[in-house]
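Below: the structure, in structure tokens.
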Amino acid sequence: MRDGRLKGQVAWISGGTKGIGEGAARLFAREGAAVAIIGRDVKDGKRVVDTIAGEGGKALFIPCDVTKADQVETSIEQTVGHFGGLQILVNNAGIVDVRALHEYSEEQFTRVMDVNVKSMFLAFKYAFPHLKANAQSYVVNIGSISSYVGQDGTPVYTSSKGAVLQLSRSIGLDYARYGIRSNCVCPGITDTPMLHEHLDKAPDPAAHLAERLRRVPLGRILTPEDIAKAILYFSCEDSAGITATSLIVDGGYLAAAEWDCGASDST
Ligand SMILES: NC(=O)c1ccc[n+]([C@@H]2O[C@H](COP(=O)([O-])OP(=O)(O)OC[C@H]3O[C@@H](n4cnc5c(N)ncnc54)[C@H](O)[C@@H]3O)[C@@H](O)[C@H]2O)c1
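In our numbering, the protein residues as written are 3 to 269.
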């Protein structure tokens with residue numbers, strides 16, 4: 003293991019068992035952090051821990067439903083107990099539930115808000131005593147392009163991601179005095195199990211993806227590693243001086259009003 007940018011740091015990453023969270027966990031471990039992988043799926047959790055160990059890194063899987071206060075508190079205490087501290091909190095776990103607003107039950111609405119937003123409050127609440135013990139600590143919350151724009155059929159997801167952006171800003175403002183920087187990474191269309199779950203609902207998933215990518219100037223699907231690099235940036239002193247803001251990693255999606263980006267050659 004080379005001396006990386008996160009040498010000596012301990013990171014707690016929710017939803018680290020797959021997708022963007024797994025990408026961040028693996029990158030963080032390669033950069034020298036000890037990583038607590040927080041999630042519900044024991045099999046995937048162990049797989050990621052084994053992968054990281056095979057790459058010479060340090061990781062621990064802690065089973066936890068991030069909507070449950072007692073489990074979140076225990077996961078933070080286990081992280082600190084095992085690795086001796088906590089400097090980086092990555093709130094990545096999230097779900098999407100596609101349906102029209104009037105078709106949501108109260109329970110379905112609350113579930114999306116609890117996983118995507120309440121979890122971040124809980125994690126920060128229990129991590130704060132440990133984060134404030136460090137000269138510098140980092141909170142990175144995962145928003146979305148939906149933090150900025152609405153998208154078809156996902157009214158509660160887009161609402162929750164708007165809230166994630168504002169919560170990230172609020173934490174940045176209120177806790178700067180404790181040496182805590184808080185920022186939000188907002189991914190665009192990224193190749194993860196969540197995206198495929200979403201695409202698989204379309205009659206022709208590949209055609210649906212191709213249609214969505216017409217809106218992306220870079221013209222390609224993002225990888226979990228593309229997003230992990232932005233999470234890393236906010237989790238170390240490469241981003242010193244930056245707090246209470248966001249970084250959009252979307253291949254240019256939000257810059258465009260057109261649908262056929264790059265389809266015609268006007269240059
Ligand atoms: N994939 C995309 O295109 C995309 C785009 C924008 C934003 N995002 C955001 O990125 C984050 C990661 O998404 P992903 O695409 O990797 O999704 P994913 O479904 O592949 O992974 C989500 C992770 O969150 C975990 N999780 C969900 N509910 C949980 C709970 N109650 N307790 C503990 N863990 C829980 C899952 O087990 C999984 O490990 C999410 O916040 C998502 O909204 C993804």
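Glycine included, each C-beta is placed from N, C-alpha and C at the ideal position.
As the structure is a computational prediction, the values presented were derived from the model and not from experiment.
Problem set entry | heavy atom of ligand 1 below 7 Å from residue 20 C-beta | yes
Problem set entry | Exposed unless 16 or more other CB atoms sit within 10 angstroms - verdict on residue 180 | exposed
For this session: Just tell me which of 50, 255, 258 has its CA closest to the CA of residue 30.
Result: 50
Exercise. Just the Cα atoms here: how many angstroms apart are residue 3 and residue 59?
Worked result: Its pLDDT being 47, under 50, residue 3 is placed unreliably by the model, and the measurement read from it follows with that caveat. Rounded to the nearest angstrom, the two C-alpha atoms are 7 Å apart.
Problem set entry | Pairwise C-alpha distance: residue 132 and residue 25 | 25 Å
For this session: Would you give the residue range spanned by the beta strand (DSSP E) that residue 78 belongs to?
Result: Here residue 78 belongs to no beta strand (DSSP E); instead the alpha helix (DSSP H) covers 71 to 85.
Problem set entry | Integer Cβ distance of residue 61 from residue 27, believed to fall under 8 Å | 7 Å
Exercise. If you draw a straight line from the C-alpha of residue 18 to the C-alpha of residue 194, how long is it?
Worked result: 12 Å
Problem set entry | Strand pairing of residue 38, partner residues [DSSP] | 14, 62
For this session: Compare the C-alpha of residue 116 against each of 35, 161, 208 and name the closest.
Result: 161
For this session: Run the proximity test for residue 146: is its beta-carbon closer than 7 Å to any non-hydrogen atom belonging to ligand 1?
Result: yes
Problem set entry | Anticipated Cβ contact below 8 Å, residue 98 with residue 200, distance rounded | 6 Å
Exercise. Cβ atoms of residue 137 and residue 16: under 8 Å apart, would you say?
Worked result: no
Exercise. Should residue 191 be counted as a contact of ligand 1 given a C-beta to heavy atom distance under 7 Å?
Worked result: yes
Problem set entry | Best match in 219, 238, 167 for proximity to residue 261 [C-alpha to C-alpha] | 219
For this session: Could you tell me which of 119, 140, 156, 167 sits nearest to residue 178, measuring between CA atoms?
Result: 140
For this session: Please state if the CB of residue 188 and the CB of residue 146 are separated by a distance shorter than 8 Å.
Result: yes
For this session: Pick out whichever of 231, 81, 70, 35 has its Cα sitting closest to the Cα of residue 57.
Result: 35
For this session: With DSSP collapsed to three states, give me the class of residue 189.
Result: strand
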